[in-house]
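Input: a single structure, listed below in structure tokens.
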Amino acid sequence: MMNWFRKSFLVACWGCAFAAGISSAQNTDWRAGAPSPTASGPIGVSLGQPLPLSDAMPRPAGGIRQASFSTPHSFKTARGVSTGQTDGPGTLFLPPDREAVPPPKRLPIQVEPKRASQPESTSGIPVVDVDDQPKVVSERVVIVDGNTGKDLADNSWIMGSELNGGQRFYVAGEWLYWTARGFYLPPLVTTASPLDDPATRAALGLGTTRLLYGAENALNGLRPGARFTLGYNFDPDGVSAIEGNFFFLAPKKYTIIFGSDAFPVIGRPFFNLNTGGQDRELTTTPEFNQGTLHVRTANSLFGAEINKRTLLCCGCDYQVTGLVGFRYLDLSDRLGIDEYVTFTGNVPGVNGNPPVASAGDRVNVFDRFDTRNRFYGGQVGVAGNWGLGRWSLGGSVKLALGATQQSIDIDGGQTVTRANGAVQNFRGGLYALQSNIGNHSQTRFSVVPEFGLKIGCQLTDNLRLYAGYDFLYWHSVVRPGDQIDQTLDFNTIPNRGQDLPGVTQVRPRVPFHTSSFWAHGLNAGLEFRY
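Counted the way the numbering used here counts, the sequence shown spans residues 881 to 1410.
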């Protein structure tokens, strides 16, 4: 009975306490406070990505990794997009000598709130209605190389100098290492055994005669050179420009000497029109004369061009440019043959002719064949360039059509210094005689194509290093060896010692044989834009 009473008492107490609590909550008195200040204007709300108070954020347990923003490989920085106030660009430094690149952080997004409409509020507090579609004002990711401090995401100069970055002038210097086609030489020097028939020894195809020099190309091989380029862009975007360049190859020379100390018999072969057979002029013989024979060759090449460049099409990493302009080329060759002979015995004349020489006489015989080709023509072409970061690959094709002025200058002579000191001069040597001596010229239509390929590396915003290959072709030129006519009228050779039956054909003549020329090789250079 007592237990029941106790339980009933406790239940009654709990019920009273519960009822008293509800009554107190419903009858709370309102108390006046200080009024809220009136807002002077709409209140802006700035929402941003929550940032940790410490950079060293611990990794959550349980294998869960913090999500991060990663930039695709094709991401390109948009420069100059920032407007209004931002929190500034975020920067991610790459540790030096690390291959793996950590993902960059997305920077906070600045949100411009929508102007709040302010409905009447019974509490006096303005109501702000925030646009649920935030507007991105500025966002930039900067990836910094820990070794160099350079912004790796900044590829605004991706094409180097080929996609103009606002520079108007550019200048370039190149070192060339080219090979140019030499010119053909006919058989020029022969030798034979001293035991051969004196009337025919050293003549081609007779006895033991063999060729010492000729029937080959001269001046082949590599040589250095240089090319200089100057250009100006008419507009900051490089859509239209004018460009000129000048190049040259170092002159190449070669001299070969044959002497009687090594070759007792030295001859200069020719075809005798009067006898209808092979013949020769003897520079050295065991019986009458000693001396030396010199063959000298030389070559030079230079050229210039000026072109109007116009951008035809371009993309983010390529461009194609058209060329229209003028080209000039200059190719010069020289071939000289000199004999220096001292007579050790008397050489009598034949059939009443005066003696050719007496002991102690000295004779110098020379032949000169110089050629020059000058090309003038209009030129068209196309150049393309493709870039990948700081690297670029470019190529060009040009075609020039015009005229080549071809000139041939032939000269020859003999100087005889007698033992008594008297000097006699004769017009004509051996291959250069009265019938072909002089300056001869003609003009021919010519085609000059050129192909080039280059790979470049942008060192700075203004400086580019590049290397490449060039090929130049010239389809019609005259070369000195081709202008030697070795069919001779023996009776026109000065100081010949005898006369042969005459002929009506005038020889030697100027054949004006033409051939093609090419030059190609490597190049390396620097280009500076400003």
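Glycine is no exception: its CB is placed at the ideal position from the N, C-alpha and C atoms.
message = Please tell me whether Gln1286 and Asn1253 are closer than 8 Å, where the distance is taken between their beta carbons.
response = yes
Residue environment, Gln1385, which counts as buried when at least 16 other CB atoms sit within 10 Å = exposed
ask   = Roughly how far, in whole angstroms, is the beta-carbon of Ile1217 from the beta-carbon of Gly1205, given that I think they are within contact range, below 8 Å?
value = 41 Å between Cβ atoms; not a contact.
Assigned exposure category for Ser1140 - 16 Cβ within 10 Å defines buried = buried
task = Quickly, what does DSSP pair Asp1350 with across the bridge? List them, please.
result = Gly1332 and Gly1401
message = By the three-class DSSP mapping on this structure, what secondary structure does Arg959 have?
response = The predicted model places Arg959 with a pLDDT of 43, which falls under 50 and marks its position as unreliable; any figure quoted below should be read in that light. Looking at Arg959 - three-state DSSP - the assignment turns out to be coil, as it is neither helix nor strand.
message = By the three-class DSSP mapping on this structure, what secondary structure does Gln1378 have?
response = coil
Rounded distance between the beta-carbons of Phe1138 and Tyr1410, thought under 8 Å = About 57 Å separates the two Cβ atoms, so there is no contact after all.
query = On the three-state DSSP scale, how would you describe Thr1384?
reply = coil
query = When DSSP labels each residue in this structure, what does Gln1363 get in the three-state scheme?
reply = helix
key: Of the residues Gly1195, Pro1078 and Glu1123, the one placed nearest Pro1144, counting alpha carbons only   = Pro1078
key: Among Gly1336, Tyr1208 and Ala1239, the one whose alpha carbon lies nearest that of Phe1128   = Tyr1208
query = Taking Cβ positions, are Gly1215 and Thr1177 nearer each other than 8 Å?
reply = Contrary to the premise, residue 1215 reads as Leu rather than Gly in this sequence. Yes, they are a contact pair.
task = Just mark Ser1073 as buried or exposed, buried being the case when its beta carbon has 16 or more other beta carbons within 10 Å.
result = exposed
request  = List the residues that DSSP assigns as beta-bridge partners of Gln1314.
outcome  = Bridge partners of Gln1314: none, in fact.
key: Straight-line Cα distance separating Gly1124 from Phe1114   = 14 Å
message = Taking the alpha carbon of Leu1352 as the reference point, which residue from Val1277, Val1390, Gly1301 and Gln1366 has its own alpha carbon closest?
response = Val1277
inquiry  = Mapping the DSSP letters down to three states, classify Phe1127 as helix, strand or coil.
reply    = strand
key: Proximity to Leu1203 [Cα-Cα], best of Pro1388, Phe1182 and Ile1122   = Ile1122
ask   = If you check the beta carbons only, do Tyr1093 and Val1175 fall under 8 Å apart?
value = yes
query = How should Gln1338 be labelled, buried or exposed, when 16 other C-beta atoms within 10 angstroms of its C-beta is the threshold for buried?
reply = buried
query = Can at least three beta-carbon pairs, one atom from the stretch 1239–1248 and one from the stretch 1091–1108, be found at a separation below 8 Å?
reply = no
ask   = What's the gap between the Cα of Thr1394 and the Cα of Leu1075?
value = 41 Å
ask   = What are the residues that DSSP puts in a beta bridge with Gly1053?
value = Phe1108 and Leu1406
key: Residue(s) in a DSSP beta bridge with Val1262   = Gly1202 and Val1277
ask   = Does the beta-carbon distance from Leu1056 to Arg1107 come in below 8 Å?
value = yes
task = List the endpoints of the continuous beta strand (DSSP E) containing Ser1180.
result = Asn1169 to Cys1194
key: Close beta carbons around Pro1391, own chain, < 8 Å, minus the five adjacent residues each side   = Asp1362, Gln1363 and Asp1365
key: First through last residue of the beta strand (DSSP E) which encompasses Phe1063   = Phe1063 to Leu1065
ask   = For the 8 Å Cβ check, are there 3 or more pairs between the stretch 1257–1271 and the stretch 1290–1304?
value = no
key: CB of Ile1146 within 8 Å of CB of Thr1071, strictly   = yes
message = On the CB-based measure, 16 or more other CB atoms within 10 Å of its CB, does Pro1104 come out buried or exposed?
response = exposed
request  = Alpha carbon to alpha carbon, how far is Leu1333 from Ala1347? Give it in angstroms, no decimals.
outcome  = 8 Å
inquiry  = Is it buried or exposed, Thr963, if we count other Cβ atoms within 10 angstroms and call 16 or more buried?
reply    = Note on Thr963: pLDDT 44, under 50, position unreliable in the model; the coordinate value appears next. By the neighbour-count rule (16 or more Cβ atoms within 10 Å), Thr963 is not buried but exposed.
ask   = Can the beta-carbon of Leu1406 be found less than 8 Å from the beta-carbon of Leu1343?
value = yes
Unbroken beta strand (DSSP E) run spanning Pro1149, endpoints = Ile1146 to Asn1152
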